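If you're matching positions, the sequence shown starts at 33 in my numbering and goes up one per residue.
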Amino acid sequence: EERIPRNFITDIIDDDLNSGRHDHVATRFPPEPNGYLHIGHAKSICLNFGLARDYKGTCNLRFDDTNPEKEDMEYINSIQRDVQWLGFKWTEIRHSSDYFDRLYGYALELIDKGLAYVDELSPDEIREYRGTLKEPGKESPYRNRSVEENRALFEKMKAGEFKEGQVCLRAKIDMASPFICMRDPVIYRVRFAEHAITKDKWCIYPMYDFTHCISDAIEGITHSICTLEFQDNRRLYDWVLDHISIKARPHQYEMSRLNLEGSITSKRKLNLLVKEGIVDGWDDPRLTTISGLRRRGYTPASIREFCRRIGVTKQENVVEMSALESCIRDDLNKNAPRAMAVLHPIKLVIDNYGEDGVTDTSYTISNHPEREDLGTRTITISKELYIDEADFREEANKQYKRLKLGHEVRLRNSYVVQAVSCEKDTEGRVTVVHVLAVPNSVGATIEGHKPKGVIHWVDANNCYRGKVNLYENLFNVPNPGAAEDFLSTVNKNSKIEIENAALEASLKNAKVGQSFQFEREGYFCVDSKNSTEDKPEFNLTVALRETKKV
Ligand code: ATP
Ligand code: MG
Ligand code: MG
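What follows is the structure, encoded as structure tokens:
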């Protein structure tokens, strides 16, 4: 059974439950529907939904949809799919836009209490007047309008009588506050873009800091978890709830973001990669979006395990990509059936095939060395096989444990063979290797024949010639997000397409959602986008072992 390992948030919750401050736990996961979810969101999902599971509480999926120009139904749908795929169920789906009427009412309440005013400074002026950490801000000349004037102007804002940026509603707090976010923050602005759900009902939209705390209160959220950059904003979160007539009192807690080495976890930047056509959509297997990881062959359990391993703290840090990779490797090592696949095929001809002791035509082999429940399959063998070009050399030193002229190697599940000669093309590349098989050497040790290595192969007369995609890091630098021009850090050779790999015949029937260990090569899954019924295409999920960086 999965449980969130203890962390500072579970400590707070335990304390709240023991002291009677709360008698239940209510959380929410609040994505803005302006892109697809990524691995950073997975951390928040596993925590929020995991707390609801562990404490038998509730967790809402709330779309924080207050920026109409950037948001879209496509994103709303993909987010639901990804949360479910990760293995979580929400208590209810909510939208910040469900509360637009109530939010408007609370804005009027602040106006009536003399705690909000309509400002006519331009966005640039507002920024300038806000001041810096070193100096207090300057009050807007519109700050002291009467309640009546503010009400009338705010109603005109709602009626569409102002242009975008011409006016806004600001909370009247403290222009000298040491917390910049408390210097009369904007709480409503004018936007004429069509909203994905409310369409053109509204042309004023509440800002995040005003919306989030009230939405949490409306939903009865007890523990509202966000990332550390919102630490200062907690003052504003509390200020808003302190000054409106709402009873519920949710509390905000901050944890560190997940920063994953060599990956981008900003929807804005991910969007740019998609729009520029640098990747094949939001689900490109090189992206650490949830949909990209899915298409890459990650399982939901492996991502949940990753989130367990990284934990929940207040320390900012960068997690190595190898930490994510080892989670899927562990999962697939246990669960993925084995298969043989030759990525760069050259022919191997068994010259003495058909002679005494070299007459096998098939083998029934287990699909997994430790998992009988994964069953067996039958592979065929004939006079002509394919092996990988990297598994043969005319000459090589002792470290080379594969096939070389005059030496022996074992064919996986089959004969010991000795290389006797090879054929080359006009460029000098080996195309065919001739071998002699040691008679009766299948599954047996023959006196005088002790090969040091084992290589994999497929039957050249019965195999599936299909496409395999290999991937390398999408970025050339460990922290692409920090680069001035992050698009210039893209590795142009991060996708390697092998059009005509030689795969064991059974792989022709592989279906989307299946993963395999291609022996000696790595873990691969069936691509969900480009595969067809009888022509599956395979994506590299992860190498067999962690490759040391040089
Ligand atoms: P982005 O920059 O990708 O748009 P965001 O924080 O604006 O990120 P939201 O859609 O607002 O994205 O995020 C929804 C929830 O997921 C928030 O509670 C946010 O704190 C959390 N979240 C987003 N990114 C991360 C991350 N890298 N690590 C942990 N939690 C994250
Ligand atoms: Mg956000
Ligand atoms: Mg964002």
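Cβ atoms here follow ideal geometry from the backbone N, Cα and C, with glycine treated the same way.
Quick caveat, the model's predicted, so the values are computed rather than measured.
Provide the residue span of the beta strand (DSSP E) that contains residue i, from first to last.
i: G554; result: G554 to V558
i: G498; result: C495 to Y503
i: A451; result: V448 to K456
i: P377; result: P377 to I382
Since residue i is in the alpha helix (DSSP H), which residue starts that stretch and which ends it?
i: N367; result: M353 to N367
i: E440; result: Unbroken run through E440 is the beta strand (DSSP E), E440 to L443; no alpha helix (DSSP H).
i: K166; result: No alpha helix (DSSP H) contains K166, which DSSP labels as neither H nor E.
i: Q116; result: M105 to W117
i: D47; result: F40 to N50
i: K307; result: K299 to K307
i: L201; result: Element bounds for L201: not the alpha helix (DSSP H) but the beta strand (DSSP E), C200 to A203.
Given this structure, state the Cα-to-Cα distance separating residue i from residue j, to the nearest angstrom.
i: V582; j: L576; result: Model confidence at V582 stands at a pLDDT of 47, short of 50, so the residue's coordinates are unreliable; what they give is reported in the following sentence. If I take the Cα positions, the gap works out to 18 Å.
i: E578; j: S358; result: 8 Å
i: A368; j: R318; result: 21 Å
i: L302; j: L364; result: 28 Å
i: H488; j: V441; result: 10 Å
i: G119; j: C91; result: 13 Å
i: I413; j: F570; result: 23 Å
i: T573; j: I310; result: 20 Å
i: F81; j: S520; result: 37 Å
i: F507; j: G513; result: 10 Å
i: A534; j: N445; result: 17 Å
i: I528; j: L356; result: 21 Å
i: A352; j: S288; result: Contrary to the premise, residue 352 reads as Glu rather than Ala in this sequence. Cα to Cα, the separation comes out at about 16 Å.
i: E553; j: I125; result: 43 Å
i: D69; j: R326; result: The amino acid at residue 69 is misidentified as Asp; the sequence shows Leu. Their backbone Cα atoms lie some 12 Å apart in a straight line.
i: H73; j: V344; result: 13 Å
i: I137; j: Y285; result: Residue identity check: residue 137 is Gly in the sequence provided, not Ile. Using only the alpha carbons, I get a separation of about 27 Å.
i: D248; j: S256; result: 7 Å
i: L201; j: F518; result: 35 Å
Leaving out the 5 sequence neighbours to the left and right, which residues in its chain are closer than 6 Å to residue i when beta-carbon positions are compared?
i: D48; result: H54
i: E64; result: D96
i: I224; result: Here the sequence assigns Phe to residue 224, which means Ile is not the residue at that position. Excluding sequence neighbours, F224 sits near C235.
i: F211; result: D264 and R267
i: Y169; result: Reading off the sequence shown, one finds Gly at residue 169, where the question assumed Tyr. Same-chain partners within the cutoff: Y161, R162, G163, M207 and R215.
i: Y496; result: L535, A537, L539 and K540
i: A84; result: T59, T90 and C91
Quick one: what's got a C-beta closer than 8 Å to residue i's C-beta in the same chain, skipping five residues either side?
i: R461; result: E421
i: P332; result: W117, L118 and G119
i: G386; result: K415
i: Y503; result: P317, R318, R328, S526, K527, I528, N571 and L572
Report the three-state DSSP secondary structure of residue i (helix, strand or coil).
i: I229; result: coil
i: R35; result: coil
i: V582; result: Low confidence applies to V582: its pLDDT is 47, below 50, so where it sits in the model is not reliable, and the reading given next is rough at best. Reduced to three states, the DSSP call for V582 is coil.
i: M189; result: helix
i: N291; result: strand
i: R425; result: strand
i: I296; result: coil
i: C78; result: helix
i: V474; result: coil
i: P173; result: coil
i: E152; result: coil
i: F224; result: coil
i: F211; result: coil
i: A371; result: strand
Nearest chain B C-beta to residue i closer than 7 Å, yes or no?
i: P100; result: In summary, chain B is missing from the structure at hand, where a single protein chain is found.
Which residues in the same chain as residue i place their Cβ atom closer than 7 Å to its Cβ, once the five residues preceding and following it in sequence are excluded?
i: R425; result: Y432 and K436
i: A203; result: L142, L147, A148, D216, P217 and I219
i: N505; result: G294, N523 and S526
With a floor of 3 residues, list each beta strand (DSSP E) that falls wholly inside the region 505-574, ordered by position along the chain. 527-536, 547-550, 554-558 and 570-574
Whole runs of the beta strand (DSSP E) within the region 238-273, excluding any shorter than 3 residues: Correct list: 255-259.
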